[in-house]
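S.K.: Supplied in structure tokens, the structure appears directly below.
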Amino acid sequence: MATTERPPSTGRLRAWMLEGLSDMGKSGGHTGPHAQPEPPHKGQRWWRVMCLTGVDYFSTLGYQPGIAALAAGLVSPLATIVLVLVTLAGALPVYRRVAEESPHGEGSIAMLERLLSFWQGKLFVLTLLGFAATDFLITITLSAADASTHLVENPHLTNALHGRQMLITLLLVALLGAVFLKGFLEAIGVAVTLVGVYLALNLVVVIVGLWHVLTAEHVVTDWTNALTAQHGNVFVMIGVALIVFPKLALGLSGFETGVAVMPHVKGDPGDTEEHPTGRIRDAKKLLTTAAVIMSAFLITSSFITTLLIPEKEFKPGGQANGRALAYLAHQYLGGAFGTVYDVSTIAILWFAGASAMAGLLNLMPRYLPRYGMAPHWARAVRPMVIVFTLIAFLVTWIFDANVDKQGGAYATGVLVLISSAAIAVTIAARKARQRRWTIGFAVISVVFLYTTVVNVIERPDGVKIGACFIVGIILVSLLSRLARAFELRVTSVTLDPLAERFIRDMASRKMRFIANEPGHRDKAEYRDKIEQIRADNDMPEQEDFVFVEVTVTDPSEFEAGLTVRGEVLHERYRVLTLESASIPNALAALLLHVRDVTGCTPHIYFEWTEGSPFANFLRFFLFGQGEVAPVTREVLREAEPDRARRPRVHTG
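So my numbering is basically just the index in the sequence shown, starting at one, shifted up by 917.
Shown next, in the form of structure tokens:
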């Protein structure tokens, strides 16, 4: 009888979606659903990767001069100089140190994670990830919304596209997701082209603007006279610039993504994962070059837009609102150049979400699956791209694709991450006993904390939105960990020589283990335990046992390797000692490993634990202990579906 084969299209799609998870769907082996590390990619030159983070950083030129003019008025150039000083003397040194301390792209979050253990450390990291998600996702949606605004407000397209900003924004977000479904190399290639063209066009606009300022002498005179009339003296002007500086904080948006994309920097041929010296050096070049380029453009663009554009045009409804440099491009270089500039601005604002997407794809899979707080497929790139794209759709719809409504959340996410980075490098410098760096970074931390607090007070919506992301991440993470509670999460099992000898000796007869909670570890403890097990299970005295004792380390950890050590106590009792975050997982992993290396079915004996089953499960979920026997059996059942090959669990 002819048989029909199942179409392979579904399998091919699944393999494409989960590319990178090399052990997905494989049969055999019981080390849990953990992806093997991908082979190191060749990487990209640092200046190319700078363009990937630069599409976020440099694209703020599309709206930053207008924001500065609205916030500071005539003092805008001075406030921008303050922003540049904070960038070069504050954010840049901080993130150069972050690149040195955390060269694999985890950023300041990894640095702070090392300071805390147990659940408080995990919850702290999840909180920071919430702000990171706020920053990166709002970067995607805000940039796409601003790109659609430039498109809709172009003089040649206003009539045709009026009222369709939401649809255009969603389309731009979808296109961004499609680029990342294709692959990172394509994203970097697109970024290099966009950044090169955009910076060249901005350079033309800035040079032409400066020429008009210099040739029309009354422009500078009018500005200085208005400044003096409005603020009196230079000290008042500086004070106003310092006060309004927090409103310009979006100009700091590219540093966290600059560190997040570090794994894509090529570095030197001799780099290793432990000591990527070349990658660190080139990442510092990336950060410094981007900061210097952006600082030059921020100062010059703020200066020419403040002096050449009437104040009323910056306000909502004005022709320069959110597009100050585009206004100058049309005004002084004609409609053709202005349209080219608009197209370039729209393209880079759309693609600004690329660096944010790269940051999300680097951060989230590094933490959530390792904590057991995301499905194991979250380690693969393409499913995560789809998830983040759908969330970006939701955010765009909630905020009606409005740039101003998202600005507070964006600034809050940026400032919280920079503040946490400043605190992290301060602690790192203090641990390294670098007194001058400690003092310097502490001062920088105070500046960024002040900026964050002022921003939160003025725009509390940012914290509310960030809190929604945090609550969402924590809730989904805990539910995911609960759903994966019975997974086998031991990545490897290693036996020392004495433990291997115990296993070889047992393989010639019935393999019987006794799970023992270590107490005083005296002779009476082991003698009484054996008598109890024999009585409970009605076993003859000649049966031989090996004790297994697990010491719980950090129960909030989800996965780790297992090292088994053998010892002989009181010249009689053989004991295998293990350290693990979870007693049932350690015991199940040991039994499966013993079965695989000996070909025999091991038996393990427990005593029932007193107390409520629900309370015992919570103890297991939170503290790695609880009702060990049934949980061990459940872990074994999930890891080995074949009942005939499954190690035996006995409870008396």
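Glycine residues also receive a C-beta, built at the ideal position from the N, C-alpha and C atoms.
Measure the Cβ-Cβ separation of Ala1346 and Trp1354 and say whether it is below 7 angstroms.
M.R.: Their beta carbons are under 7 angstroms apart, which means Ala1346 touches Trp1354 by this criterion.
S.K.: Since Leu1392 and Leu1046 should fall inside the 8 angstroms C-beta cutoff, what is the C-beta to C-beta distance between them, to a whole number of angstroms?
M.R.: Incorrect: roughly 13 angstroms between the Cβ atoms, too far for contact.
S.K.: For the alpha helix (DSSP H) that contains Gly1255, what are its first and last residues?
M.R.: From DSSP, the alpha helix (DSSP H) with Gly1255 extends over Ala1241 to Tyr1284.
S.K.: Using 10 angstroms around the beta-carbon of Ser939, count the other beta-carbons present and answer buried if the total reaches 16, otherwise exposed.
M.R.: Unreliable positioning characterises Ser939 in this predicted model, as indicated by a pLDDT of 36, which lies under 50. The coordinate reading is nonetheless provided below. Label assigned to Ser939: exposed.
S.K.: For Glu922, I'd like the list of residues in its chain whose CB is within less than 7 angstroms of its CB, leaving aside the five on either flank, ordered along the chain.
M.R.: Low confidence applies here, because Glu922 scores a pLDDT of 48, under 50, leaving its location unreliable; read the following figure in that light. Nothing meets the Cβ criterion.
S.K.: Alpha carbon to alpha carbon, how far is Val1122 from Thr1132? Give it in angstroms, no decimals.
M.R.: Near 15 angstroms, if we compare the C-alpha coordinates of Val1122 and Thr1132.
S.K.: Are the beta-carbon atoms belonging to Thr1411 and Thr1480 less than 7 angstroms from one another?
M.R.: Yes; because the gap between Cβ atoms is below 7 angstroms, this pair is in contact.
S.K.: Please classify Phe1475: does DSSP put it in a helix, a strand, or coil?
M.R.: Note: Phe1475 maps to coil in three-state DSSP.
S.K.: Do Arg1406 and Asn1502 have their beta-carbon atoms positioned less than 7 angstroms apart in this structure?
M.R.: Contact: yes.
S.K.: Hey, could you find the ends of the alpha helix (DSSP H) Leu1152 is sitting in?
M.R.: Inspection of the sequence shows that residue 1152 is occupied by Phe rather than by Leu. From DSSP, the alpha helix (DSSP H) with Phe1152 extends over Val1151 to Val1161.
S.K.: By the three-class DSSP mapping on this structure, what secondary structure does Thr1066 have?
M.R.: Of the three classes helix, strand and coil, the one that applies to Thr1066 here is helix, per DSSP.
S.K.: So, with DSSP's three-state summary, where would you put Tyr980?
M.R.: Correct three-state label for Tyr980: coil.
S.K.: Could you check whether the region 1236–1249 touches the region 978–995, counting it as contact only if at least three pairs of C-beta atoms, one from each stretch, sit closer than 8 angstroms?
M.R.: Yes: the two stretches touch, three or more of their Cβ pairs being nearer than 8 angstroms.
S.K.: Considering only C-alpha positions, which residue in the set Ala1117, Ile1303 and Ile1226 is nearest to Ala1095?
M.R.: Of the listed residues, the one whose Cα sits closest to Ala1095 is Ile1303.
S.K.: How would you call Thr1189, buried or exposed, if buried means at least 16 neighbouring beta carbons within 10 angstroms?
M.R.: Answer is exposed; the Cβ neighbour count stays below 16.
S.K.: Could you pull the start and end residues of the alpha helix (DSSP H) that Ser1499 belongs to?
M.R.: From DSSP, Ser1499 is part of no alpha helix (DSSP H); its letter is neither H nor E.
S.K.: Name the residue from Leu1059, Ile1335, Val1492 and Ala1505 whose alpha carbon lies nearest to the alpha carbon of Pro1010.
M.R.: Comparing Cα positions, the closest option is Ile1335.
S.K.: Count the CB pairs spanning the region 1474–1492 and the region 1379–1396 that are closer than 8 angstroms, and state whether there are at least three.
M.R.: Verdict: no, contact absent.
S.K.: Can you give me the C-alpha to C-alpha distance between Leu1332 and Gln1351, rounded to a whole angstrom?
M.R.: So the alpha carbons of these two residues sit roughly 25 angstroms apart.
S.K.: Would you give the residue range spanned by the alpha helix (DSSP H) that His1148 belongs to?
M.R.: Note, His1148: alpha helix (DSSP H), Glu1134 to His1148.
S.K.: Beta-carbon within less than 8 angstroms of Gly1015's beta-carbon, same chain only, minus the 5 sequence neighbours each way: which residues are those?
M.R.: A small correction: the amino acid at residue 1015 is Val; Gly does not occupy that position in the sequence shown. Closer than 8 angstroms at Cβ, skipping near neighbours: Gly1024, Ser1025, Met1028, Val1176, Ala1338, Ala1341 and Val1342.
S.K.: Span of the beta strand (DSSP E) holding Ala1429?
M.R.: What sits at residue 1429 in the sequence shown is Arg, not Ala. Here the beta strand (DSSP E) through Arg1429 covers Arg1429 to Ala1432.
S.K.: Let me check one thing: in DSSP terms, what residues is Thr1480 bridge-paired to?
M.R.: According to DSSP, Thr1480 bridges with Thr1411.
S.K.: So, is Ile1374 buried or exposed, given that buried needs 16 or more other C-beta atoms within 10 angstroms?
M.R.: By the neighbour-count rule (16 or more Cβ atoms within 10 Å), Ile1374 is not buried but exposed.
S.K.: Just checking my contact of Arg1482 with Asp1413 at CB under 8 angstroms: how many whole Å lie between their CB atoms?
M.R.: Their Cβ separation, rounded to whole angstroms, is 5 angstroms, which keeps Arg1482 and Asp1413 in contact under 8 angstroms.
S.K.: Would you tell me roughly how many angstroms separate the C-alpha atoms of Val1548 and Lys1446, rounded to the nearest one?
M.R.: Near 21 angstroms, if we compare the C-alpha coordinates of Lys1446 and Val1548.
S.K.: Thr1073: buried (16+ other C-beta within 10 angstroms of its C-beta) or exposed?
M.R.: With the sequence shown as reference, residue 1073 is identified as His, and Thr is not the correct amino acid for it. Counting Cβ neighbours within 10 Å, His1073 comes out exposed, since fewer than 16 surround it.
S.K.: Using DSSP with H/G/I as helix, E/B as strand and the rest coil, what is Val1312?
M.R.: Looking at Val1312 - three-state DSSP - the assignment turns out to be helix.
S.K.: Under three-state DSSP, which class holds Glu1466?
M.R.: The answer is strand: DSSP assigns Glu1466 an E or B state.
S.K.: May I ask you to report which of helix, strand or coil DSSP gives Gln961?
M.R.: The answer is strand: DSSP assigns Gln961 an E or B state.
S.K.: Where do the N-terminal and C-terminal ends of the beta strand (DSSP E) with Arg1565 fall, by residue?
M.R.: Counting along the chain, the beta strand (DSSP E) containing Arg1565 begins and ends at Arg1565 to Thr1568.
S.K.: Of the choices Val1463, Ala1432 and Pro1457, whose alpha-carbon is the least far from that of Ala1424?
M.R.: For the residues Val1463, Ala1432 and Pro1457, the minimum Cα distance to Ala1424 belongs to Val1463.
S.K.: Under the rule that 16 or more other beta-carbon atoms within 10 Å means buried, what is Leu1493, buried or exposed?
M.R.: By the 10 Å Cβ count, Leu1493 comes out buried.
S.K.: Starting from the Cα of Arg1491, find the closest Cα among Asp1139, Ser1019, Leu1415 and Gly1113 and give me that residue.
M.R.: The shortest C-alpha separation from Arg1491 is found at Leu1415.
S.K.: CB Ala986 to CB Phe1231, shorter than 7 angstroms?
M.R.: Against a cut-off of 7 angstroms, the Cβ pair of Phe1231 and Ala986 comes out as a contact.
S.K.: Name, in chain order, the residues that DSSP records as bridge partners for Val1492.
M.R.: Its beta-bridge partners are Phe1464 and Glu1484.
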